[in-house]
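So the protein sequences, as listed, match chains E and B.
First residue of the first sequence? That's 1 in the numbering used here, and the numbers climb one at a time after it.
First residue of the second sequence? That's 1001 in the numbering used here, and the numbers climb one at a time after it.
We treat Cβ as the ideally placed atom computed from N, Cα and C, and that holds for glycine.
Bear in mind that the values here come from a model prediction, so they are computed numbers and not experimental data.
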Amino acid sequence: DGGITQSPKYLFRKEGQNVTLSCEQNLNHDAMYWYRQDPGQGLRLIYYSQIVNDFQKGDIAEGYSVSREKKESFPLTVTSAQKNPTAFYLCASSIRGVKNIQYFGAGTRLSVL
Amino acid sequence: SQQGEEDPQALSIQEGENATMNCSYKTSINNLQWYRQNSGRGLVHLILIRSNEREKHSGRLRVTLDTSKKSSSLLITASRAADTASYFCATDSRSNFGNEKLTFGTGTRLTIIP
């Protein structure tokens, strides 16, 4: 099946710990995105990447880091500098230069122990 | 800051009735999209309307766009229980190159009562 796979579905972080959320796509899309969603809220952009080995900060990048070493993969690390990491994290991808219709994974719910 | 603001924040209607939700935005756009999110899941694209279009239909969905008022509406006709979800508008701002990021609104939570 073609699509976007996020893992794990649930993740728990201890104080001071860095955790990494996985996002893999087999849609051959160039662009990938990470969003944060808080309860009852819309999506806020953390980071996005339009091409391998390049990425840009979104609206709330502080306390997060990403890499884009392969077209298929765009992992997000929630660092210990992110003091309020509890949220639902969504990864998306899209074809560059077209309509920017985004395809989403099923999300990772991160909680703090 | 959020580009789009949906109205109402929550809406409950009887099955079979029509549901209308609105989205307002602040800056010029290339297109506006509507997405649906079932509880605890990812978003699914529903429909896209370009800035030079005024109305678009897809099945039971009807979207309008008024660029002079910077607003859009999504109408779902003959609602079904399975339409229960949150609906988000997303705007694609103008850019001189390639893909541009989307800015999502705060969403309308729609509940269809059987």
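Straight-line Cα distance separating residue j from residue i
| i | j | result |
| --- | --- | --- |
| Gln17 (chain E) | Ser80 (chain E) | 5 angstroms |
| Lys1069 (chain B) | Ile1049 (chain B) | 15 angstroms |
| Gln102 (chain E) | Gly3 (chain E) | 11 angstroms |
| Thr1091 (chain B) | Asn1030 (chain B) | 8 angstroms |
| Cys1023 (chain B) | Ser1051 (chain B) | 14 angstroms |
| Glu1115 (chain B) | Arg1109 (chain B) | Absent from the model: residue 1115 (chain B). The displayed extent of chain B is 1001 to 1114, so no value can be given. |
| Ser111 (chain E) | Tyr47 (chain E) | 20 angstroms |
| Ser49 (chain E) | Lys83 (chain E) | 24 angstroms |
| Ser1001 (chain B) | Thr1067 (chain B) | In this prediction, Ser1001 (chain B) scores a pLDDT of 33, lower than 50, which makes its location untrustworthy; the coordinate-derived value is nonetheless stated afterwards. The alpha-carbon atoms of Ser1001 (chain B) and Thr1067 (chain B) are separated by roughly 20 angstroms. |
| Asn1018 (chain B) | Phe12 (chain E) | 41 angstroms |
| Ala175 (chain E) | Phe104 (chain E) | Here chain E comprises residues numbered 1 to 113, so residue 175 (chain E) is not present and cannot be evaluated. |
| Gly1016 (chain B) | Ser65 (chain E) | 46 angstroms |
| Tyr35 (chain E) | Thr5 (chain E) | 15 angstroms |
| Arg1054 (chain B) | Ser7 (chain E) | 40 angstroms |
| Leu21 (chain E) | Lys14 (chain E) | 15 angstroms |
| Ile60 (chain E) | Gly1105 (chain B) | 16 angstroms |
| Gln1009 (chain B) | Ser67 (chain E) | 35 angstroms |
| Val1063 (chain B) | His1045 (chain B) | 13 angstroms |
| Lys99 (chain E) | Ser1093 (chain B) | 11 angstroms |
| Glu1005 (chain B) | Lys1056 (chain B) | 20 angstroms |
| Thr108 (chain E) | Leu1065 (chain B) | 33 angstroms |
Nearest candidate by alpha-carbon position, reference residue i, set the options
| i | options | result |
| --- | --- | --- |
| Ile1113 (chain B) | B:Tyr1025, B:Leu1011, B:Glu1055 | B:Leu1011 |
| Lys70 (chain E) | E:Thr86, E:Phe55, E:Tyr103, E:Asp59 | E:Phe55 |
| Gln1033 (chain B) | B:Ser1072, B:Ser1086, B:Lys1026, B:Ala1085 | B:Ser1072 |
| Leu1075 (chain B) | B:Ala1085, B:Tyr1087, B:Leu1061 | B:Leu1061 |
| Gly63 (chain E) | E:Gln41, E:Pro39, E:Lys9, E:Thr86 | E:Thr86 |
| Leu43 (chain E) | E:Gly58, E:Gln50, E:Ser49 | E:Gly58 |
| Ser94 (chain E) | E:Gln25, E:Leu11, E:Leu21, E:Thr77 | E:Gln25 |
| Ser1028 (chain B) | B:Thr1103, B:Leu1110, B:His1057, B:Ile1013 | B:Thr1103 |
| Asp38 (chain E) | E:Leu27, E:Asn28, E:Leu90 | E:Leu90 |
| Arg1041 (chain B) | E:Ala92, E:Met32, E:Val66, E:Ile46 | E:Ala92 |
| Pro75 (chain E) | E:Cys23, E:Asn100, E:Ser7, E:Gly40 | E:Cys23 |
| Gly1059 (chain B) | B:Ala1078, B:Gln1009, B:Thr1020, B:Asn1038 | B:Ala1078 |
| Val19 (chain E) | E:Val78, E:Asn100, E:Gly107, E:Thr108 | E:Val78 |
| Tyr1087 (chain B) | B:Lys1026, B:Asn1038, B:Arg1080, B:Ala1081 | B:Asn1038 |
Run of the beta strand (DSSP E) containing residue i, from where it starts to where it stops
| i | result |
| --- | --- |
| Leu113 (chain E) | No beta strand (DSSP E) holds Leu113 (chain E); DSSP gives it neither H nor E. |
| Ile1113 (chain B) | 1108-1113 |
| Ile4 (chain E) | 4-7 |
| Ala87 (chain E) | 87-94 |
| Arg13 (chain E) | 10-13 |
| Thr77 (chain E) | 76-78 |
Item to check | Secondary structure, beta strand (DSSP E): runs of 3+ residues fully inside the stretch 15-68 of chain E | outcome: Counting only runs of 3 or more, we get 19-25, 31-37, 43-51, 54-57, 64-66.
Checklist entry - Which ranges would you report for the beta strand (DSSP E) in the stretch 1005-1056 of chain B if only whole runs of at least 3 residues count? => result 1005-1007, 1010-1014, 1019-1024, 1029-1037, 1043-1050
Item to check | Interface residues of the stretch 93-104 of chain E facing chain B [CB-CB below 9 angstroms] | outcome: Taking 9 angstroms as the Cβ-Cβ cut-off against chain B, the residues of the stretch 93-104 of chain E that qualify are Ser94, Ile95, Arg96, Gly97, Val98, Lys99, Asn100, Ile101, Gln102, Tyr103, Phe104.
Item to check | Secondary structure, beta strand (DSSP E): runs of 3+ residues fully inside the stretch 1064-1106 of chain B | outcome: Taking only runs of at least 3 residues, the beta strand (DSSP E) segments lying wholly in the stretch 1064-1106 of chain B are 1071-1076, 1085-1093, 1102-1104.
Next on the checklist: Please list, in chain order, the residues of the stretch 1031-1061 of chain B that have any C-beta partner in chain E closer than 9 angstroms.
Outcome noted: Flagged, chain order: Asn1031, Gln1033, Tyr1035, Gln1037, Gly1040, Arg1041, Gly1042, Leu1043, Val1044, His1045, Leu1048, Arg1050.
Item to check | Contact set between the stretch 37-51 of chain E and chain B, restricted to residues whose Cβ is under 7 angstroms from the partner | outcome: Gln41, Gly42, Leu43, Leu45, Tyr48, Gln50
Next on the checklist: Please list, in chain order, the residues of the stretch 1074-1097 of chain B that have any C-beta partner in chain E closer than 7 angstroms.
Outcome noted: Phe1088, Asp1092
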